[in-house]
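Quick notes on the structure that follows.
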Amino acid sequence: MDKNLTKTKTLIGMIHVPALPGTPSNTLSPDQILEVVMNEARIYSECGVNTIILENMHDLPYLKRTCGPEIVSLMSILCFQVKNKYFKDKLVGVQILAGCNKQSLAVAYNSGCDFIRAEGFVFASIADEGFMDADAGELLRYRKQIGADKIKIFTDIKKKHSANLITDDVKIGDFAENAEFCMSDGIIVSGSSTGKESSLEDLDCVRKQCKLPILIGSGITVNNLEKYFDHADAFIVGTYFKKDGNWKNELDVERIKSLVELFEKLCKQQSKK
Numbered sequence: 124m125d126k127n128l129t130k131t132k133t134l135i136g137m138i139h140v141p142a143l144p145g146t147p148s149n150t151l152s153p154d155q156i157l158e159v160v161m162n163e164a165r166i167y168s169e170c171g172v173n174t175i176i177l178e179n180m181h182d183l184p185y186l187k188r189t190c191g192p193e194i195v196s197l198m199s200i201l202c203f204q205v206k207n208k209y210f211k212d213k214l215v216g217v218q219i220l221a222g223c224n225k226q227s228l229a230v231a232y233n234s235g236c237d238f239i240r241a242e243g244f245v246f247a248s249i250a251d252e253g254f255m256d257a258d259a260g261e262l263l264r265y266r267k268q269i270g271a272d273k274i275k276i277f278t279d280i281k282k283k284h285s286a287n288l289i290t291d292d293v294k295i296g297d298f299a300e301n302a303e304f305c306m307s308d309g310i311i312v313s314g315s316s317t318g319k320e321s322s323l324e325d326l327d328c329v330r331k332q333c334k335l336p337i338l339i340g341s342g343i344t345v346n347n348l349e350k351y352f353d354h355a356d357a358f359i360v361g362t363y364f365k366k367d368g369n370w371k372n373e374l375d376v377e378r379i380k381s382l383v384e385l386f387e388k389l390c391k392q393q394s395k396k
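When the letters of the sequence shown are read in order and numbered with my numbering, they come out as residues 124 to 396.
Written out as structure tokens, the structure reads:
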């Protein structure tokens, strides 16, 4: 995925936005949250990460399919500032948990961002927040209504932190095929939880049944990137980029640089084939 989100390899850095106003863990003012986010965006940019995604990971416990105007408004400001200061000619995405796909799309459109990460796009699951039904039809109609057709919607399937017993008879390849049929722009495959590796078998099944770009949504490290490199088009990295590999910690510049260096090396090797 390059500037036009085609199928070239892309490394995506995750900004876990500090707990936002009104959420149980919030301790920072909007100005302080902006300062943290801008600092992380600067670090990513200086380390050579050309695509990032902002996510309200610290807003635990999440609401299901809804969030307050204080969340949408501040996420819009954060995305706008990051995009215009450090990533104007690069790619920025947004995800608002849990399953707030319409809100994410509105934030992306109003802040000039490029894509969203959407959960619960097709089929259904039981998440931490309860029953998560599919929203593909509603979400794509909303995208059309607000004129946000240029914003890509990358969709999780068999999502982490969820029980998929309801769709246990639907193989992950069929999941991906249905997401493609419902006009997803890309498929995200993750491990069972944050920081856990994806299954190579799952990735191969998705590739066989789906022509969309494949993004790995969790578990990528400097120790396994080479193993996964040929199995996906993009790699979302959050946990590994943090100090001690803990998603709650600050970014670790050395970890970022080491993975970027390996990623660029693998890209060069592939281009020579």
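Where a beta carbon is used, it is the ideal one built from N, C-alpha and C, also for glycine. Quantities reported herein were computed from a predicted structural model and do not represent experimental measurements.
*Quick one: residues in its chain with C-beta nearer than 7 angstroms to the C-beta of I123, no 5 flanking neighbours on either side, listed in chain order?*
Given that the chain is displayed from residue 124 to residue 396, the structure contains no residue 123 and the question cannot be resolved.
_If the criterion is Cβ atoms closer than 8 angstroms, does the pair Q332 and D292 meet it?_
For the purposes of this step, residue 332 is identified with residue 209 of the sequence shown, where counting begins at 1. For the purposes of this step, residue 292 is identified with residue 169 of the sequence shown, where counting begins at 1. No, these two residues do not count as a Cβ contact at 8 angstroms.
*Look at the alpha carbon of K388 and the alpha carbon of D279, and state the distance between them as a whole number of angstroms.*
Position 265 of the sequence shown holds residue 388. Position 156 of the sequence shown holds residue 279. It is roughly 28 angstroms from the alpha-carbon of K388 to the alpha-carbon of D279.
_Residues of its chain near A355, where Cβ-Cβ distance is below 7 angstroms and the 5 sequence neighbours each way are ignored_ = Here residue 355 corresponds to residue number 232 of the sequence shown, with the count starting at 1. The beta carbon of A355 is closer than 7 angstroms to those of L326, I337, L338, I339 in its chain, skipping five residues each way along the sequence.
*From V172, P153, S152, G145, pick the residue whose C-alpha is nearest to that of G136; which is it?*
Taking the first residue of the sequence shown as position 1, residue 136 is located at position 13. Ranking V172, P153, S152, G145 by Cα distance to G136 puts V172 first.
*What is the DSSP secondary structure of I339, reduced to helix, strand or coil?*
Translated into the one-based positions of the sequence shown, residue 339 becomes position 216. Under the three-state reduction of DSSP, I339 is assigned to strand.
*Determine, using beta carbons only, whether S196 and S234 come nearer to each other than 8 angstroms.*
Translated into positions along the sequence shown, residue 196 becomes position 73. Translated into positions along the sequence shown, residue 234 becomes position 111. Their beta carbons are not under 8 angstroms apart, which means S196 does not touch S234 by this criterion.
_Can you tell me where the alpha helix (DSSP H) holding M198 begins and where it ends?_
Working through the sequence shown from its first residue, we reach residue 198 at position 75. Looking at the DSSP string, the run of the alpha helix (DSSP H) that includes M198 is 192 to 208.
_Of the listed residues I379, D353, S394, F244, nearest to T418 (C-alpha basis)_ = Lying outside 124 to 396, the shown extent of the chain, residue 418 is not represented and no answer is given.
*In angstroms, rounded to a whole number, what distance separates the CA positions of P192 and C170?*
Looking up residue 192 in the sequence shown gives position 69. Looking up residue 170 in the sequence shown gives position 47. Each residue's alpha carbon lies about 33 angstroms from the other.
*Would you mind working out which of F203, N179, I219, L220 sits nearest D212, comparing C-alpha positions?*
Here residue 212 is taken as the residue at index 89 of the sequence shown, counted from 1. For the residues F203, N179, I219, L220, the minimum Cα distance to D212 belongs to F203.
*asked:* Tell me the DSSP secondary structure of L374 in three-state form.
replied: Residue numbering aside, residue 374 sits at position 251 when the sequence shown is read from its first letter. Of the three classes helix, strand and coil, the one that applies to L374 here is strand, per DSSP.
*Between S394 and the rest of its own chain, which residues show a CB-CB distance below 7 angstroms, the 5 nearest in sequence each way excluded?*
Residue 394 sits at position 271 when you count from the first residue of the sequence shown. Excluding positions up to five away in sequence, the list is empty.
_Proximal residues to D125 (C-beta, below 7 angstroms), its chain only, five neighbours per side dropped_ = By 1-based counting over the sequence shown, the position of residue 125 is 2. Residue confidence for D125 is low, a pLDDT of 48 falling below 50, so the modelled location carries little weight; the figure read from the coordinates is stated next. T131, listed in sequence order.
*Cα-Cα, which of E349, R165, R188, L186 is closest to L201?*
Taking the sequence shown and counting its residues from 1, one reaches residue 201 at position 78. Of the residues E349, R165, R188, L186, the one whose Cα lies closest to the Cα of L201 is R165.
*Per DSSP, G296 is paired with what?*
Reading the sequence shown from its first residue, position 173 is the one you call residue 296. Residue pairing by DSSP places G296 opposite no residue, since no beta bridge is assigned to it.
*On a CA-only basis, which of N301, H139, K281 is nearest A259? Give me that one, please.*
The sequence position of residue 259 within the sequence shown is 136, counting from 1. Ranking the options by Cα distance to A259, first place goes to N301.
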